[in-house]
Amino acid sequence: MTSLLDQYEQASQRYKGTVGTSLRPEMVGLKGYPPPKDGPYSPCVSRDESGVGGMVEESTTGFIHMKLEEEAPIFSKQKVNFSPTERMTHLAVSSDLLVLTMANSMLLRIDLKQPDKREEIDLSKFTTHMKILELFLDPLGQHLIISLTPKHPDNQPEILYLPRKSNKPKQPGKFKGYEVTAVGWNYRNDYETTTGPILLGTSKGLIFETEILPEGDRIFQSGLEQYWKQVFDIGKGANTPITGIEFHRVPGSEKYFVLVTTPDRVYQFIGYVSNSDEKPLLQQVFNNYLTVA
132 MTSLLDQYEQ
142 ASQRYKGTVG
152 TSLRPEMVGL
162 KGYPPPKDGP
172 YSPCVSRDES
182 GVGGMVEEST
192 TGFIHMKLEE
202 EAPIFSKQKV
212 NFSPTERMTH
222 LAVSSDLLVL
232 TMANSMLLRI
242 DLKQPDKREE
252 IDLSKFTTHM
262 KILELFLDPL
272 GQHLIISLTP
282 KHPDNQPEIL
292 YLPRKSNKPK
302 QPGKFKGYEV
312 TAVGWNYRND
322 YETTTGPILL
332 GTSKGLIFET
342 EILPEGDRIF
352 QSGLEQYWKQ
362 VFDIGKGANT
372 PITGIEFHRV
382 PGSEKYFVLV
392 TTPDRVYQFI
402 GYVSNSDEKP
412 LLQQVFNNYL
422 TVA
């Protein structure tokens with residue numbers, strides 16, 4: 132079965148072959164021009180209210196593909212010279228950085244702009260009694276959080292933190308005992324030296340806010356966490372796992388909104404942050420919902 136990218140490339144080639152001549156798609160079938168060709172991908176004409184023409188392709192699967200004459204490709208495919216020596220278990224990609232882990236507890240970082248230059252980081256000393264649950268990579272590819280879950284009930288879950296310019300994962304001690312299942316990254320943060328305020332969701336429905344700084348950039352702190360606090364409990368004791376979490380600030384205002392998902396619900400929190408220097412930052416948003424049943 133052909134992949135999605137292969138199907139896309141095949142469709143793109145058919146489209147290029149059609150519009151590569153002097154005959155534009157919007158001319159097909161019009162008076163004075165040849166009629167549409169018969170076949171499983173017979174082009175026909177579509178115009179919007181502005182008069183802009185395009186081409187509609189109807190496939191044998193019943194899907195209709197609309198293409199404008201100057202449509203730019205959404206995807207591109209390129210080969211990376213990489214053959215994994217072990218089974219790949221987890222993968223995350225952001226800002227041209229690809230991070231993957233393999234069954235032998237090796238973590239690979241690949242700069243997609245220079246795919247032949249790879250970094251290998253051995254996680255085996257952290258995975259003796261633990262296994263990797265998930266990888267969380269921030270939007271700029273500067274900060275990586277690795278969620279670990281115990282292989283045996285006698286051990287406690289924890290997380291590892293790995294900044295892009297380091298090959299030594301660190302263990303934020305305050306999260307030991309919490310299984311992190313979602314991370315809400317700070318999209319306004321563009322620093323390499325700090326994550327900025329971020330939200331972490333757990334398998335028991337707890338939401339924490341923290342800020343993680345690499346070793347050497349901390350001020351009067353014994354751990355990686357600049358601060359750490361639980362700001363909400365989605366499950367209220369029911370152990371409801373959080374599957375996704377994001378927060379954003381409305382441009383030009385002090386208004387924030389937080390979206391949280393569980394296996395069967397979506398939650399939205401909206402509020403204002405009157406003092407951006409007060410930490411936890413988003414506690415001011417969650418406070419409005421602490422008494423909601």
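Each residue of the sequence shown is one higher than the one before, counting from 132 in the numbering used here. For glycine and all other residues, C-beta sits at the position ideal for the given N, C-alpha and C.
Per-residue burial, residue i [other beta carbons within 10 Å of its own, 16 or more giving buried]
| i | result |
| --- | --- |
| residue 283 | exposed |
| residue 371 | buried |
| residue 340 | buried |
| residue 270 | exposed |
| residue 365 | buried |
| residue 369 | exposed |
| residue 338 | buried |
| residue 403 | exposed |
| residue 334 | buried |
| residue 325 | buried |
| residue 250 | exposed |
| residue 240 | buried |
Where residue i sits in the DSSP three-state scheme
| i | result |
| --- | --- |
| residue 176 | Because residue 176 carries a pLDDT of 47, less than 50, the predicted location of this residue cannot be relied on, and the following value inherits that uncertainty. If DSSP states are grouped into helix, strand and coil, residue 176 belongs with the strands. |
| residue 402 | strand |
| residue 244 | coil |
| residue 262 | strand |
| residue 267 | strand |
| residue 426 | Look at the range of the chain in this structure, 132 to 424, and you will see that residue 426 is not part of it. |
| residue 137 | helix |
| residue 386 | strand |
| residue 420 | helix |
Between the CA atoms of residue j and residue i - distance to the nearest angstrom
| i | j | result |
| --- | --- | --- |
| residue 323 | residue 307 | 24 angstroms |
| residue 357 | residue 235 | 33 angstroms |
| residue 304 | residue 289 | 8 angstroms |
| residue 388 | residue 382 | 11 angstroms |
| residue 299 | residue 413 | 30 angstroms |
| residue 398 | residue 392 | 6 angstroms |
| residue 405 | residue 385 | 7 angstroms |
| residue 276 | residue 202 | 37 angstroms |
| residue 410 | residue 332 | 18 angstroms |
| residue 155 | residue 418 | Residue placement at residue 155 is flagged as unreliable, the pLDDT there being 46, under the threshold of 50; a coordinate-derived value is accordingly withheld. |
| residue 273 | residue 296 | 8 angstroms |
| residue 252 | residue 422 | 45 angstroms |
| residue 206 | residue 228 | 17 angstroms |
| residue 212 | residue 222 | 17 angstroms |
| residue 354 | residue 327 | 15 angstroms |
| residue 292 | residue 316 | 14 angstroms |
| residue 216 | residue 265 | 21 angstroms |
| residue 287 | residue 208 | 41 angstroms |
| residue 344 | residue 321 | 13 angstroms |
| residue 318 | residue 329 | 9 angstroms |
| residue 342 | residue 141 | 46 angstroms |
Element boundaries [alpha helix (DSSP H), containing residue i]
| i | result |
| --- | --- |
| residue 417 | 414-417 |
Beta-bridge partners of residue i, as assigned by DSSP
| i | result |
| --- | --- |
| residue 359 | 341 |
| residue 397 | 392 |
| residue 332 | 313, 338 |
| residue 253 | 237 |
| residue 232 | 221, 238 |
| residue 301 | 292 |
Start and end residues, beta strand (DSSP E) containing residue i
| i | result |
| --- | --- |
| residue 378 | 375-380 |
| residue 222 | 219-225 |
| residue 408 | Element bounds for residue 408: n/a, residue is neither H nor E. |
| residue 211 | Careful: residue 211 lies outside any beta strand (DSSP E) and carries neither H nor E. |
| residue 274 | 274-281 |
| residue 292 | 289-294 |
Residue i beta carbon near the ligand FAD (any heavy atom closer than 6 angstroms)
| i | result |
| --- | --- |
| residue 344 | As presented, the structure is devoid of all ligands, the ligand FAD included, so that no description of it is given. |
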